[in-house]
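So that you can map any letter, position 237 of the sequence shown is 456 in the working numbering, and since no number is skipped, the others follow by simple counting. Structure first, commentary second.
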Amino acid sequence: GASVGSIMGEQEGKQLLTEAAYIHGALLLCLDLRLHPTLKERLVVSFYRYKGSSGTSAYMDDVIKLCRASGYLPSQTSHPPGYPEQYFGRFPLPRKILGSIVGRLRLDDVYSQIRHYPNPEHRSQALSQQAGYLYVLLYFLPDVLEGEPAVMREIVDKHFNDNWVVPFVAQHTADLTIAWKPYQAARSALDNVHFPAGARKHTQAMRGHLPTLQTRVSQLLCEGVLNGEFLLRSAGQVLSTVRHTNVCLRWLTLH
220 GASVGSIMGE QEGKQLLTEA AYIHGALLLC LDLRLHPTLK ERLVVSFYRY KGSSGTSAYM
280 DDVIKLCRAS GYLPSQTSHP PGYPEQYFGR FPLPRKILGS IVGRLRLDDV YSQIRHYPNP
340 EHRSQALSQQ AGYLYVLLYF LPDVLEGEPA VMREIVDKHF NDNWVVPFVA QHTADLTIAW
400 KPYQAARSAL DNVHFPAGAR KHTQAMRGHL PTLQTRVSQL LCEGVLNGEF LLRSAGQVLS
460 TVRHTNVCLR WLTLH
């Protein structure tokens, strides 16, 4: 069979393996984010009483382990100590595979998006998908978050140097300044690039771009402007305006 190295050496292979591991973690998080722990436990008890011990699946012990309270409550604004790494530890993934995946995400542009964002200031937008994957997958490797400052500095410099709120699953975001606060290496890496004066400066810069971009977009949307001849002649300019507008709106919406 194919080895992890050979799979990660192929473009589609590393994407699929990354997504499989991410989905595993995202499903665990979604279960906690969407269902109250009391509800999960009552559902399991009700099913067990209805079916009886003879009618339950061979995987019932795993279901019980999955639905057992993790300490997190949807109403909480911060994570309890040891969450979610202890919760993820109930269903661990092979460390060798996780190490290969995180290494690729740390070093590579896995989805080849940077070529679509020629402006260096838009790099975090280009890598936003794999940044969300990294946020989830690193909870399977809490020792990296806690005790590998060089790795975390590399991850933060590449993916989070100008942003600290990351969407990691539909309708859910994480503020890394809060989520990574308990982990020394991750916190130190963030502190190197995120500080109040820098955050204010970046926010002002993003807001400052909006009036000009709004004017450009309004001009492009005037009736009769976006015809075939204009697009052929000014495709680069139109794409640049749309790209820059999307980046600004996304950043301001998240932060």
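No residue lacks a Cβ here, since even glycine has one placed at the ideal position from N, Cα and C. This structure is a prediction, so every number in the text was calculated from the model and none was measured.
Practice problem: Could I get the ranges of all uninterrupted alpha helix (DSSP H) runs contained in the stretch 354-413, with 4 residues as the minimum, in chain order? | Solution: 361-366, 368-378, 395-398 and 403-412
Quiz item: From S516 to I374, what distance separates their C-alpha atoms?
Solution: Nothing can be reported for residue 516: it is not among the residues displayed for the chain, which extend from 220 to 474.
Quiz item: First and last residue of the alpha helix (DSSP H) that includes P415?
Solution: It spans P415 to L439 - the alpha helix (DSSP H) in which P415 sits, taken as one unbroken run.
Practice problem: Identify whether R325 lies in helix, strand or coil by the three-state DSSP scheme. | Solution: In this structure, R325 counts as helix in the three-state DSSP scheme.
Quiz item: Can the beta-carbon of L468 be found less than 9 Å from the beta-carbon of V457?
Solution: no
Self-check item: Cβ-Cβ separation, Q349 to L324 (assumed contact under 8 Å), whole Å
Solution: 5 Å
Quiz item: Is the CB-CB distance between L246 and F387 below 9 Å?
Solution: With respect to the 9 Å criterion, L246 and F387 are not classified as neighbours on the basis of their beta carbons.
Quiz item: How big is the Cα-Cα spacing for V355 and G244?
Solution: 6 Å
Practice problem: Use the C-beta contact count for G447: other C-beta atoms within 10 angstroms, 16 or more gives buried, fewer gives exposed. | Solution: exposed
Quiz item: Looking at C-alpha atoms only, which residue of R261, A240, P311 and S265 is the closest neighbour of A288?
Solution: R261
Self-check item: Residue interval of the alpha helix (DSSP H) (run including F449)
Solution: G447 to L473
Quiz item: Nearest to A398 by CA position, among P256, P361 and A424, is which residue?
Solution: P361
Quiz item: Just checking my contact of L285 with H391 at CB under 8 Å: how many whole Å lie between their CB atoms?
Solution: Going by Cβ atoms, the distance from L285 to H391 rounds to 19 Å, so no, they are not a contact pair.
Self-check item: Own chain, CB closer than 6 Å to V384, minus 5 neighbours either side, in chain order
Solution: T392, D394, L473 and H474
Quiz item: Roughly how many angstroms separate the alpha carbons of L258 and V412, rounded to a whole number?
Solution: 41 Å
Quiz item: With C-beta atoms as the reference, is Q332 less than 9 Å away from L353?
Solution: no
Self-check item: Range of the contiguous alpha helix (DSSP H) that encloses F307
Solution: E304 to F307
Practice problem: Tell me, to the nearest whole angstrom, how far the beta carbon of V436 is from that of T396; I am working on the premise that it is less than 8 Å. | Solution: Not confirmed; about 32 Å, so no contact.
Practice problem: Return helix, strand or coil for L254, following the three-state DSSP convention. | Solution: L254: coil per DSSP, three-state reduction.
Quiz prompt | Extent of the continuous alpha helix (DSSP H) run through V223 | solution = V223 to M227
Quiz prompt | Three-way DSSP call (helix, strand, coil) for R342 in this model | solution = helix
Self-check item: Beta-carbon gap between A240 and L312 smaller than 9 Å
Solution: Going by C-beta atoms, A240 is nearer than 9 Å to L312.
Quiz item: Is T296 buried or exposed, if buried means 16 or more other CB atoms sit within 10 Å of its CB?
Solution: With fewer than 16 other Cβ atoms within 10 Å, it is exposed.
Quiz item: Candidates I320, Y302 and K315: which alpha carbon is nearest G232's?
Solution: I320
Quiz item: Would you call the CB atoms of F330 and R462 closer than 9 Å?
Solution: Residue identity check: residue 330 is Tyr in the sequence provided, not Phe. Cβ distance not < 9 Å, so Y330 and R462 don't count as in contact.
Practice problem: Use the C-beta contact count for L409: other C-beta atoms within 10 angstroms, 16 or more gives buried, fewer gives exposed. | Solution: buried
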